[in-house]
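Since the structure comes first, as structure tokens, the remarks are kept for the end.
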DNA sequence: CTATTGACATCTTATATAAGACATATCATT
DNA sequence: AATGATATGTCTTATATAAGATGTCAATAG
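Structure follows, in structure tokens:
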């Protein structure tokens with residue numbers, strides 16, 4: 001039988017199996033932009049040759065990255081870089097569902113887009129110095145012409161130049177799709193914290209509910225490659241006819 | 250090289266790859282109780298011989314089941330049936346986190362345990378006829394001696410005989426751990442729907458908050474093998490110092 | 001002549017099997 | 001307490017077949 005080539009196994013505290021090292025290499029290529037969102041990456045055997053490992057090892061690395069939603073396999077066609085432009089993963093991060101029936105098509109209405117400087121909260125969450133320029137976007141998501149989600153989005157201004165209301169109105173893609181295609185910032189993971197709060201004047205007005213009525217507050221920190229936080233979002237969900245859906249396993 | 254044995258591939262609309270068929274067979278053995286929670290299942294090669302396939306095919310089946318949290322691999326020891334008794338997966342379905350610091354140890358205080366008959370809601374959700382006997386449990390979860398979660402749990406009485414307050418007080422395991430060890434009912438998946446609601450008199454009293462204050466309502470349907478629903482739970486979370494944590498990817 | 005069809009080659013990923021090297025836990029022996 | 005045998009899962013490689021997607025090209029029908 002074919003003996004595998006001799007390999008120096010560090011066995012040290014920093015040991016990681018070969019397929020994971022390959023995963024890191026592929027990840028680096030993704031991060032560097034060698035293959036853009038929606039592109040096909042080279043075939044498994046090409047990558048195997050390039051990295052000097054067997055096709056099965058590359059396969060295992062890609063398997064994990066497909067499970068992480070970083071890559072998408074399509075039998076007979078190839079393996080593709082995941083993209084928020086793909087209608088399939090358009091609402092990958094939106095866990096909203098209608099209490100009955102299916103979620104109707106949504107409409108995003110930007111309210112205002114302002115420039116500011118990071119306070120302590122935003123600075124801590126986005127890993128930046130207090131006073132760093134940020135962009136604040138407020139918008140409402142409508143479903144069947146009813147306001148359901150009022151979002152406040154905080155972004156580092158450095159990464160999103162020219163971000164404006166006009167720009168948003170000219171594009172009807174999803175926000176993350178826009179981030180990806182216009183600014184080259186791909187969201188790959190997010191952390192959410194959910195609480196119940198009373199509607200303040202602003203969110204009550206935006207969502208057309210009584211001040212003080214209960215709202216679901218969804219605070220999200222979204223990360224790009226390297227676990228770098230690049231968005232903080234506070235979403236107020238009106239949960240009279242909708243709910244946040246989560247599957248546990 | 251070794252040719253695989255000739256195999257009748259149905260290619261029909263109901264085709265499923267061999268490793269998935271093996272998965273179903275292992276699942277059937279789990280469901281039948283051949284290997285109980287916490288037990289080690291036979292080695293991959295044993296299973297391969299038993300099912301007449303190669304070890305690698307068994308491995309792929311087990312890989313998926315480990316990803317589904319049905320099995321747990323332990324290098325050098327074996328593969329084990331997942332259990333809610335394992336401290337590791339004790340709070341597998343509880344997504345509660347403290348706003349700052351780590352979640353302190355919890356204390357579960359049962360309030361009442363009553364018998365009733367299923368109304369239309371419970372009957373629909375648990376897939377039973379209206380009027381089927383059910384058990385209703387109400388309890389409060391305390392963290393650092395503060396009430397945080399008020400739970401109403403609806404169970405089919407048939408599956409949970411002898412369920413009573415005394416019985417609960419005599420056991421300080423988690424509820425699912427109890428279900429598993431005492432009634433042989435293993436929860437393997439759950440669906441949750443989250444909403445913000447106003448505290449009614451009962452939940453306000455249980456959680457020591459003002460009536461009308463906002464609470465996070467977490468409605469959960471938990472399933473056992475074969476996607477059979479066996480628990481409906483309405484949890485009211487006081488989210489002043491805690492939150493529901495969810496990771497998206 | 002043009003458009004459609006069908007056969008075919010050639011990509012790709014998906015599935016299946018086998019085997020060697022190795023890490024880790026258990027247990028009996030020294 | 002240390003040693004060594006054994007069993008097991010893990011990691012890697014190799015090979016072969018199946019099947020989906022797609023383009024080429026010739027035959028065919030209109």
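Residue numbers (our numbering), protein chains in the order written: chain A, 1 to 249; chain B, 250 to 498. All C-beta atoms in this analysis are idealised placements derived from N, C-alpha and C, irrespective of residue type, glycine included. These numbers come from a predicted model, not from an experiment.
Would you say residue i lies against chain B (beta-carbon separation less than 9 Å)?
i	result
residue 213(A)	yes
residue 239(A)	yes
residue 93(A)	yes
residue 227(A)	no
residue 26(A)	no
residue 59(A)	no
residue 97(A)	yes
residue 232(A)	no
residue 220(A)	yes
residue 275(A)	Here chain A comprises residues numbered 1 to 249, so residue 275(A) is not present and cannot be evaluated.
residue 253(A)	Here chain A comprises residues numbered 1 to 249, so residue 253(A) is not present and cannot be evaluated.
Kindly list the residues whose CB is nearer than 7 Å to the CB of residue i, restricted to its own chain and excluding five residues on each side of it in sequence; keep chain order.
i	result
residue 251(A)	Summary: the structure shown does not reach residue 251(A), with chain A confined to residues 1 through 249, and so no result is reported for it.
residue 366(B)	380, 381, 382 and 383
residue 53(A)	18 and 22
residue 234(B)	Outside the displayed span of chain B (250 to 498) sits residue 234(B), for which this structure offers no information.
residue 274(B)	300
residue 357(B)	388 and 390
Is there at least one Cβ from chain A nearer than 9 Å to residue i's Cβ?
i	result
residue 366(B)	no
residue 352(B)	no
residue 267(B)	no
residue 258(B)	Per-residue confidence for residue 258(B) stands at a pLDDT of 32, beneath the threshold of 50, marking its modelled position as unreliable; the derived number appears in the next sentence. Cβ-Cβ to chain A under 9 Å: no for residue 258(B).
For residue i, which residues in chain B fall below 7 Å Cβ to Cβ?
i	result
residue 243(A)	442, 443 and 444
Kindly list the residues whose CB is nearer than 6 Å to the CB of residue i, restricted to its own chain and excluding five residues on each side of it in sequence; keep chain order.
i	result
residue 178(A)	171
residue 98(A)	242
residue 59(A)	44
residue 41(A)	35 and 79
residue 440(B)	470
residue 104(A)	143 and 144
residue 496(B)	none
residue 19(A)	57, 60 and 61
residue 453(B)	460
residue 234(A)	152 and 219
residue 355(B)	390 and 392
residue 456(B)	396, 399 and 487
Residues of chain B with a CB under 9 Å from the CB of residue i: which are they?
i	result
residue 189(A)	496, 497 and 498
Chain B partners of residue i, CB-CB under 8 Å?
i	result
residue 39(A)	Those within 8 Å of residue 39(A) in chain B number zero; the least Cβ separation is about 21 Å.
residue 198(A)	462 and 463
What does DSSP give as the partner residue(s) for residue i in the beta ladder?
i	result
residue 484(B)	400(B) and 467(B)
residue 125(A)	Bridge partners of residue 125(A): none, in fact.
residue 110(A)	139(A)
residue 382(B)	366(B)
residue 472(B)	438(B) and 478(B)
residue 97(A)	243(A)
residue 497(B)	190(A)
Tell me which residues share the same chain as residue i and place their Cβ nearer than 8 Å to its Cβ, disregarding the 5 neighbours each side in the sequence.
i	result
residue 362(B)	384, 385, 386, 387, 412, 413, 414 and 417
residue 282(B)	433
residue 436(B)	333, 342, 425, 428, 429, 471, 472, 473, 479 and 480
residue 160(A)	135, 179, 183 and 185
Entirely within the segment 266-335 of chain B and at least 3 residues each: give me those beta strand (DSSP E) ranges in chain order.
The beta strand (DSSP E) runs of length 3 or more contained entirely in the segment 266-335 of chain B are, from start to end of the chain, 320-323 and 327-330.
Identify every run of the beta strand (DSSP E) within the segment 403-459 of chain B, keeping only runs that are complete inside it and at least 3 residues long; order them along the chain.
Those beta strand (DSSP E) runs which fall completely within the segment 403-459 of chain B and span 3+ residues are 438-447.
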